[in-house]
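Engineer:
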Amino acid sequence: MTIRIALLAAACALAVTACGGREAPPAQDTTAPATTSTTPAPTPAEPAPPATTTAPPTPAPATPPAASDKPAATVSDCATHIEGTDAMQFNVSSITIPASCKTFTIHLKHTGQMPVAAMGHNVVIAKTADVQGIATDGMAAGAAAHYVKPDDARVVAHSDVIGGGQSTSVTFDPGKLKSGGPYEFFCSFPGHVAMMKGSISVE
Ligand SMILES: [Cu+2]
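Below is the structure:
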């Protein structure tokens, strides 16, 4: 019985909807509020045509080397603070020295915990073209020489080698970097130069 009534009601509703556009009865005794809007939802837009196959997605460019993931060093008062880690990394990829600086100081902090013999770091500045040769000769020079060949004329400046938790610094004349570059800073501890280097320039 109930079902019948329901069906009947539904049929009536349909009928009203069908002719509602013409008659529009006054809605005064309607108990249900506001089903007034008779505008049907706009017909859905036609399905978009398949995208024209003009532009295949461009492949992402090759991942840049890890060094460029790191920020440039923050420089103030003709100095910068950089860090070396137990993961054999500097924390910056480049150092830009203001041209107005008469001297420049790089403070190096080893933020790791490993001893100097296992994970020592220094910072050496030289022409990019000389880096590999300096590192090779530095390895031969040994720990006592801080892995830099004594009086190596190719070396603009270098710090001591430090271990985890230690700090050091090196101060030099930026005028030495104004010609014949590009120049790099790097760590000459054996095996580190491939991972620990960045560009340094005067601008
Ligand atoms: Cu190192």
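Letter 13 of the sequence shown, counting from 1, is numbered 13 in the UniProt record's numbering, and no numbers are missing.
We put the CB at the ideal spot given by N, CA and C, even for glycine.
All values reported here derive from a predicted model rather than from experimental measurement.
Any chance the CB of F189 is under 7 Å from a heavy atom of ligand 3?
Structural biologist: As for ligand 3, it is missing from this structure, which binds only ligand 1.
Engineer: Can you give me the Cβ contacts of V193 inside the same chain, cut-off strictly under 6 Å, excluding the 5 residues immediately before and after it?
Structural biologist: Mapped onto the sequence shown, residue 193 falls at position 193. Cβ within range, chain order: A135 and F186.
Engineer: Leaving out five residues on either side along the sequence, give the residues of the same chain with a beta carbon under 8 Å from the beta carbon of S93.
Structural biologist: In the sequence shown, residue 93 corresponds to position 93, counting from 1. Hits under 8 Å: A67, S68, D69, K70, P71, A72, G198 and S199.
Engineer: Quick one: grab the DSSP three-state call for V161.
Structural biologist: Within the sequence shown, numbered from 1, the residue matching residue 161 stands at position 161. Three-state DSSP puts V161 in coil, outside helix and strand.
Engineer: Alpha carbon to alpha carbon, what distance is there between K127 and M195?
Structural biologist: Translated into positions along the sequence shown, residue 195 becomes position 195. Translated into positions along the sequence shown, residue 127 becomes position 127. Roughly 17 Å between the two C-alpha positions.
Engineer: Does DSSP put K178 in a helix, in a strand, or in coil?
Structural biologist: Here residue 178 refers to the residue found at position 178 when the sequence shown is read from its first residue. It is coil, neither helix nor strand.
Engineer: Pick helix, strand or coil for R4, following the three-state DSSP scheme.
Structural biologist: In the sequence shown, residue 4 corresponds to position 4, counting from 1. With a pLDDT of 45 at R4, under the threshold of 50, the modelled position of that residue is not reliable, and the figure given next carries that caveat. Helix at R4.
Engineer: If you run the structure through DSSP and keep just helix, strand and coil, what is G191?
Structural biologist: Here residue 191 refers to the residue found at position 191 when the sequence shown is read from its first residue. In this structure, G191 counts as coil in the three-state DSSP scheme.
Engineer: If distances are taken between C-alpha atoms only, which option among P182, F189 and G191 comes closest to S202?
Structural biologist: Residue mapping note: residue 202 aligns to position 202 of the sequence shown, counting from 1. Note that residue 202 corresponds to Val in the displayed sequence, not to Ser. Selected option, being the one with the closest Cα: P182.
Engineer: In the DSSP output, what is S201 paired with across the bridge?
Structural biologist: Sequence index remark: in the sequence shown, residue 201 carries index 201 (1-based). Note: S201 sits in a beta bridge opposite T96.
Engineer: Spatial neighbours of H81 within its chain, please: CB distance less than 7 Å, with the 5 preceding and 5 following residues excluded, ordered by chain position.
Structural biologist: Residue 81 sits at position 81 when you count from the first residue of the sequence shown. Result list for H81: H107 and K109, in chain order.
Engineer: Using the rule of at least 16 other Cβ atoms within 10 Å of the residue's Cβ for burial, across every protein chain shown, is S159 buried or exposed?
Structural biologist: On the sequence shown, residue 159 is found 159 positions in, with the first residue counted as 1. Classification for S159: buried.
Engineer: Quick check: what's the CA-CA separation for E184 versus T171?
Structural biologist: For this step, residue 184 is matched to residue 184 along the sequence shown. For this step, residue 171 is matched to residue 171 along the sequence shown. Cα to Cα, E184 sits roughly 15 Å from T171.
Engineer: Considering only heavy atoms of ligand 1, does any lie closer than 7 Å to the CB of M196?
Structural biologist: Taking the sequence shown and counting its residues from 1, the one referred to as residue 196 is at position 196. The answer is yes for M196.
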